[in-house]
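4 protein chains.
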Amino acid sequence: MTTTLRADAARNRDRVLATARALVAEGDLSLQLNDIARRAGVGVGTVYRHFPTRRALLEALAADAFAALLDQAQAASHDDDPWAGLQRLLRSILLGQLTEPTLAEVLSTSPDEDATAPTTTRRAELAALAATVLERATRAGQLRPGLTLDDLQHLVCGTAFAARIADAPDDRVELYLAVLLAGVRAPDQGSPPPA
Amino acid sequence: MTTTLRADAARNRDRVLATARALVAEGDLSLQLNDIARRAGVGVGTVYRHFPTRRALLEALAADAFAALLDQAQAASHDDDPWAGLQRLLRSILLGQLTEPTLAEVLSTSPDEDATAPTTTRRAELAALAATVLERATRAGQLRPGLTLDDLQHLVCGTAFAARIADAPDDRVELYLAVLLAGVRAPDQGSPPPA
Amino acid sequence: MTTTLRADAARNRDRVLATARALVAEGDLSLQLNDIARRAGVGVGTVYRHFPTRRALLEALAADAFAALLDQAQAASHDDDPWAGLQRLLRSILLGQLTEPTLAEVLSTSPDEDATAPTTTRRAELAALAATVLERATRAGQLRPGLTLDDLQHLVCGTAFAARIADAPDDRVELYLAVLLAGVRAPDQGSPPPA
Amino acid sequence: MTTTLRADAARNRDRVLATARALVAEGDLSLQLNDIARRAGVGVGTVYRHFPTRRALLEALAADAFAALLDQAQAASHDDDPWAGLQRLLRSILLGQLTEPTLAEVLSTSPDEDATAPTTTRRAELAALAATVLERATRAGQLRPGLTLDDLQHLVCGTAFAARIADAPDDRVELYLAVLLAGVRAPDQGSPPPA
DNA sequence: GATGAATGAGTCTTCATTCAT
DNA sequence: TATGAATGAAGACTCATTCAT
């Protein structure tokens, strides 16, 4: 059986991830593989085996949060109310980035930059779900004309950036989200219903 | 006489700034002092004399754009129409950041981080002018309740971030600005007049 | 029964050798065991089991070419014409090295450096055959006085080196061989008959 | 005055070169810049400043020997006797390589591989002088037909290689040189006069 | 003031070898 | 026997900063 061996490897991988997560939590996004190895108590080679590049580690760190985001996007795409769906989608993307800074970096980067396969897949899935949400809102005439899927993506990343430099507490984040939502809503619709 | 020396010093300073500007224009914001010194044809020591830290150089590079921004903020603060004033202010801050990436970095950073005196002054002046604009818009009931001066600052930096990762052309920047403006406008006001 | 296991082992060994040969053919003589293992689809440990050192693998790669060389040396030692025999011997050693770079490395190295038993044996066999050829040429007065077996060995390795850095095509190799042959021929013999 | 400063720099450069030379004399041609820095008692950066690559250091180490070789090649090109000139030239190149292993590596490498300017110049000068020697020998009908300048260069490098793996003492080197000379001499000329 | 050589800590990356399973 | 994860020493290279001249 190779189960035990793999278990060992998995444990090391987890230790590396945990160490990296701790550093990220402390605000250090540099993800230096040597440093992480030392703190995790494993050899550098082990880190490199599991994560050949900083990018690979970054995406691994973001993976869970990204998966959770996909679930929420799925739910958003099924919302009966198109506008509520858009709200849920944007809130999820925003909060996801603030909860997990690595997700913010992943989403703020061009998809084809060194991305690993799982991330590429997830981005495609997110885009597909968002397209649905977007289309429904558009059909309902609720979306500001001219805005594309990419625009929404960039604008929500920008909002996350704003929240980050503001070191915004939760209620402030909601305020920024309200600004974003009001901004992307079709101008002639009157004010959106309260979130 | 030290006049000649000062002239020499000023010339060196200008060469360093010009070199750094060229690098920034090429998209390199790292501002490595050694590199700049070599390209500028001066010694590293000279660069360090004029700009003891990367931050000092960054702020020097942003200085002109910041001054221009202050002029526009001044004008905005005198606009008869409070909402038009706010529009002008936010557009100026946004376009200023996109035109001059160093200004974006200066404005996106907490004011008390290594800032040099002139920058601290300029930030205070900008804040004062923006406070005026803000207050007038607020008094006119046109600003979304709860938004502070800092919020506006952060949100416009976020919008600049969005435009940057989108690599947005001018018309797209205007769209993002429209989103921002619609977002910060008081919800019950109906849609804003076209910019 | 261990028969099946041995067959497996032999198959693994062959895969490793084939992979290594492919790398050598691509001009990579570094023989990195990790790399080879990965490409061969076996574990590193397996490579180490079969070839404990780089040297062991090198000699295994050279084995076939070395065996072929021995056949030709055998033939050369039986040539009726002593000079023709020497020609055949030196050409065989030269071409063997150029055809199989690993053989060049084996032959250019001092015999007692980590050599495995089969290689030591082959070197002894080659030396014995070459001694015969040498002796006959010497007795016929055709060999430059003072040249030992070792000298011939080194000189032909030097000629192979020359051909290698020249990236010499076949006809050039023949020219270099002619230079070597003319050089090792007894000076007072007049020009050698055309090869 | 910058003389003293430069003197310091030159002294460091010399210490690096001396250290590297010592390592080469011990048979270590790897020229690892870190190692050399440590042994020379200077910072790594200092070594990198003076010699950005291993190749640059290699060529600097070979410089004196190369210059001496050029002197000898000059003399050889002025020899009244074409064959004596060729003898002198080849002996100089051979002995130069054996005295200074770095020169052997420089000469055995394709001229356009990372070569620094001085080395490129020296190679061109050597080629020019050798071309003269070659042409005179050719005109005198003393050179084996078909041999080019490059062939001679490669063959003498090959002879140096042979002498190196033989760990040949001086008299043996002379023997190998005699083999080379006899080999490159036109076959129909009869035996060359004793060196 | 200006120069630029020197420093050396810091970071990245590779790879031969071991060993638990 | 085979596996391949783990190790960590080793080496390459960078760059912010200092300081003697």
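Top to bottom, those sequences are chains U, X, G and Y. Quick note on numbering: the first sequence equals residues 1 to 195 in UniProt numbering. Quick note on numbering: the second sequence equals residues 1 to 195 in UniProt numbering. Quick note on numbering: the third sequence equals residues 1 to 195 in UniProt numbering. Quick note on numbering: the fourth sequence equals residues 1 to 195 in UniProt numbering. Backbone N, C-alpha and C define an ideal beta-carbon position, used for all residues, glycine too.
- Contact of R144 of chain Y with chain G by beta-carbon distance below 9 Å involves L175, A178, V179 and A182.
- L155 of chain X reaches chain U at A162, Y176 and V179, counting residues in chain order whose Cβ is nearer than 7 Å.
- A check of alpha carbon separations from Q142 of chain Y across Y:P82, Y:A25 and Y:V44 identifies Y:P82 as the nearest.
- Taking the beta carbon of T46 of chain G as reference, no residue of chain Y falls within 8 Å; the closest one sits roughly 30 Å away.
- Going by C-alpha positions, R55 of chain Y is about 20 Å away from A9 of chain Y.
- L177 of chain X and L181 of chain U have their C-alpha atoms roughly 14 Å apart.
- Per DSSP, E59 of chain X is one residue of the alpha helix (DSSP H) stretching across R54 to S77.
- Nearest in C-alpha terms to T119 of chain U, of all of U:A60, U:D80 and U:S92, is U:A60.
- Of all residues in the segment 101-122 of chain U, the ones placed with a Cβ closer than 7 Å to any Cβ belonging to chain X are S108, in chain order.
- By the criterion of at least three beta-carbon pairs nearer than 8 Å, the segment 126-133 of chain Y is in contact with the segment 70-80 of chain Y.
- When DSSP states are grouped into helix, strand and coil, R144 of chain X belongs to the coil group.
- When Y:L147, Y:Q153 and Y:C157 are compared, the shortest CA-CA separation from L175 of chain G is found for Y:L147.
- 8 Å or more divides the Cβ of S92 of chain X from the Cβ of L107 of chain X.
- The alpha helix (DSSP H) runs lying completely inside the segment 90-137 of chain G and spanning 4 residues or more are 101-107, given in chain order.
- For P169 of chain Y, no chain G residue has a Cβ inside 7 Å of its Cβ, as the nearest lies near 12 Å away.
- Under the 10 Å beta carbon count, D188 of chain X is surrounded by fewer than 16 other beta carbons and is classified as exposed.
- When Cβ-Cβ separations below 8 Å define contact, I36 of chain X makes no contact with chain U.
- Contact of A130 of chain X with chain U is not assigned, every C-beta pair being separated by 8 Å or more.
- Taking a C-beta distance under 8 Å as the contact criterion, G85 of chain X and R136 of chain X qualify as a contact pair.
- Interface with chain U (8 Å Cβ-Cβ cutoff): G85 of chain X is excluded.
- By the Cβ rule, the segment 9-22 of chain G does not count as touching the segment 16-33 of chain X, because fewer than three pairs are nearer than 8 Å.
- With contacts defined as CB atoms closer than 8 Å, F161 of chain G and C157 of chain Y qualify as a contacting pair.
- Taking a Cβ-Cβ threshold of 8 Å, the residues of chain G close to A166 of chain Y are D150, D151 and H154, in chain order.
- L31 of chain U and R49 of chain U have their alpha carbons spaced roughly 15 Å apart.
- Per DSSP, A168 of chain G lies in no alpha helix (DSSP H) segment and is marked neither H nor E.
- Looking at the DSSP output, R185 of chain X bridges to X:L143.
- What T159 of chain U touches in chain X, judged by beta-carbon distance under 7 Å, is G158, going in chain order.
- Within 9 Å of the CB of P82 of chain G, no CB atom of chain Y is found; the nearest one sits about 18 Å away.
- Boundaries of the alpha helix (DSSP H) harbouring L33 of chain G: L33 to A40, taken from the DSSP string.
- DSSP places L29 of chain X in the coil class of the three-state scheme, outside both helix and strand.
- Within 10 angstroms of the beta-carbon of G27 of chain Y lie fewer than 16 other beta-carbons, which makes it exposed.
- Judged by DSSP in its simplified three-state form, G43 of chain G adopts coil rather than helix or strand.
- Counting other Cβ atoms within 10 Å of its Cβ, T159 of chain G reaches 16 or more and is therefore classed as buried.
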